[in-house]
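Asks: Numbering (the numbering used here), first residue to last: 109 to 353.
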């Protein structure tokens, strides 16, 4: 049944918006893997920052992935990420699980973990923005399988992790630009404005931020110098976290 509010919304644009939802969720999944599998630790005596508490990283949930990802205290484990199939309702629990797993003992980079956990949540929020936009325009939401698991479960250093993050953000940015071109070709000013106001500026800022972090890591001699990673975590990211990233 066609929507009564569907106007000047081309079918190609509608399909591309659904593609953006899938892409944002895949990016969220990668950041979740970076936070959980590679850089989560006990975080010292103070524990995780308040604004990255489990309650604020996800909606309330019962059991599910949070239970599976969180080993009991004193029982070390490793998270192995797998492909997700049509599991839209699994993402809230998965993000919660990432915060519970802030106990990995062999990496101990608290603020790197918090950075990627926050990015995972931001990507999920972006997907929800696109879902709301689809409904506002009278389109039909078609959720697709998020089948592409991250290519690896562990990263040798924070340098490799930030390189993966930068490649992901570049791919998202390219998709946004392609969608903007499509919206202009189909004479859809509302979609163009939505892209500009909600995504494009933020995307450029995120890419610049990741590039800056990579430069600092290389300057500190990462991955050869373990002390460089410690300084990056404690000085660069801790200061950024204090200022709200």
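A virtual CB, placed ideally from N, CA and C, is assigned to each residue, including glycine.
From residue 344 to residue 277, what distance separates their C-alpha atoms?
Replies: Here residue 344 refers to the residue found at position 236 when the chain shown is read from its first residue. Here residue 277 refers to the residue found at position 169 when the chain shown is read from its first residue. Rounded to the nearest angstrom, the two C-alpha atoms are 20 angstroms apart.
Asks: Please classify residue 119 as buried or exposed, where buried requires at least 16 other C-beta atoms within 10 Å of its C-beta.
Replies: By 1-based counting over the chain shown, the position of residue 119 is 11. Residue 119 should be labelled exposed.
Asks: Spell out a yes or no on whether the segment 122 to 134 and the segment 231 to 242 are touching, meaning 3 or more CB-CB pairs, one atom from each, closer than 8 angstroms.
Replies: With a cut-off of 8 angstroms, the segment 231 to 242 and the segment 122 to 134 count as touching, because enough Cβ pairs lie within range.
Asks: Within its chain, find whatever has a CB closer than 8 angstroms to the CB of residue 294; leave out the 5 residues flanking it on each side and keep chain order.
Replies: Within the chain shown, the letter at position 186 stands for residue 294. These residues qualify, in order along the chain: 118, 120, 121.
Asks: State the Cα-Cα distance for the pair residue 340 and residue 324, rounded to the nearest angstrom.
Replies: As a position in the chain shown, residue 340 is number 232, starting the count at 1. As a position in the chain shown, residue 324 is number 216, starting the count at 1. Rounded to the nearest angstrom, the two C-alpha atoms are 8 angstroms apart.
Asks: Report all residues from its chain with a CB closer than 7 angstroms to the CB of residue 135; omit the five preceding and five following residues, and keep chain order.
Replies: Along the chain shown, one-based indexing puts residue 135 at 27. Excluding sequence neighbours, residue 135 sits near 231, 276, 280.
Asks: Measuring only the C-alpha atoms, how far is residue 347 from residue 304?
Replies: Start at 1 with the first residue of the chain shown, and residue 347 comes out as number 239. Start at 1 with the first residue of the chain shown, and residue 304 comes out as number 196. So the two alpha carbons sit approximately 29 angstroms from each other.
Asks: Using a Cβ-Cβ cutoff of less than 8 angstroms, which residues in the same chain neighbour residue 114 once the five nearest sequence positions on both sides are dropped?
Replies: Start at 1 with the first residue of the chain shown, and residue 114 comes out as number 6. Excluding sequence neighbours, residue 114 sits near 245, 246, 247.
Asks: Return the chain-ordered list of same chain residues with a C-beta closer than 8 angstroms to the C-beta of residue 111, the five sequence neighbours on each side being excluded.
Replies: Here residue 111 refers to the residue found at position 3 when the chain shown is read from its first residue. 246, 247, 248, listed in sequence order.
Asks: Identify the continuous alpha helix (DSSP H) that holds residue 137 and give its terminal residues.
Replies: Looking up residue 137 in the chain shown gives position 29. Residues 119 to 141.
Asks: How long is the line joining the alpha carbons of residue 300 and residue 269, rounded to whole angstroms?
Replies: Taking the first residue of the chain shown as 1, we reach residue 300 at position 192. Taking the first residue of the chain shown as 1, we reach residue 269 at position 161. In a straight line, the C-alpha of residue 300 is about 32 angstroms away from that of residue 269.
Asks: At what residues does the alpha helix (DSSP H) containing residue 116 begin and finish?
Replies: By one-based count along the chain shown, residue 116 stands at place 8. First-last for residue 116: undefined, no H or E at that position.
Asks: When burial is assigned at 16 or more other CB atoms within 10 Å of the CB, is residue 311 buried or exposed?
Replies: Along the chain shown, one-based indexing puts residue 311 at 203. By the neighbour-count rule (16 or more Cβ atoms within 10 Å), residue 311 is buried.
Asks: Within the continuous alpha helix (DSSP H) that includes residue 232, where are the two ends?
Replies: Indexing the chain shown from 1 puts residue 232 at position 124. Counting along the chain, the alpha helix (DSSP H) containing residue 232 begins and ends at 218 to 244.
Asks: Which of the three DSSP states is assigned to residue 175 in this structure?
Replies: As a first step, residue 175 is located in the chain shown; it is residue number 67 there, counting from the start. Here the model assigns residue 175 a pLDDT of 31, short of 50, so the residue's position is not dependable, and the following value carries that caveat. If DSSP states are grouped into helix, strand and coil, residue 175 belongs with the helices.
Asks: Between the C-alpha atoms of residue 272 and residue 298, what's the straight-line distance to the nearest angstrom?
Replies: Here residue 272 corresponds to residue number 164 of the chain shown, with the count starting at 1. Here residue 298 corresponds to residue number 190 of the chain shown, with the count starting at 1. Straight-line Cα distance between these residues: approximately 32 angstroms.
Asks: When we look at the beta-carbon of residue 282 and count the other beta-carbons within 10 Å, is it buried (16 or more) or exposed?
Replies: Within the chain shown, numbered from 1, the residue matching residue 282 stands at position 174. With fewer than 16 other Cβ atoms within 10 Å, it is exposed.
Asks: Under DSSP, the alpha helix (DSSP H) around residue 316 begins and ends at which residues?
Replies: Sequence index remark: in the chain shown, residue 316 carries index 208 (1-based). Note, residue 316: alpha helix (DSSP H), 309 to 327.
Asks: Within 10 Å of its beta-carbon, does residue 320 have 16 or more other beta-carbons around it, so buried, or fewer, so exposed?
Replies: Along the chain shown, one-based indexing puts residue 320 at 212. Residue 320 is exposed by the Cβ-count criterion.
Asks: If you draw a straight line from the alpha carbon of residue 290 to that of residue 284, how long is it in whole angstroms?
Replies: Stepping through the chain shown from its first residue, residue 290 is reached at position 182. Stepping through the chain shown from its first residue, residue 284 is reached at position 176. Those two C-alpha atoms are separated by around 10 angstroms.
Asks: Using 8 angstroms for Cβ pairs, my map puts residue 133 next to residue 235. What's the rounded Cβ distance?
Replies: The sequence position of residue 133 within the chain shown is 25, counting from 1. The sequence position of residue 235 within the chain shown is 127, counting from 1. About 5 angstroms separates the two Cβ atoms, so the contact holds.
Asks: For residue 180, does the three-state DSSP call read helix, strand or coil?
Replies: Counting from one through the chain shown, the residue named residue 180 turns up at place 72. Because the pLDDT at residue 180 is just 37, under 50, the model does not fix this residue reliably, and the value given afterwards should be weighed accordingly. Reduced to three states, the DSSP call for residue 180 is coil.
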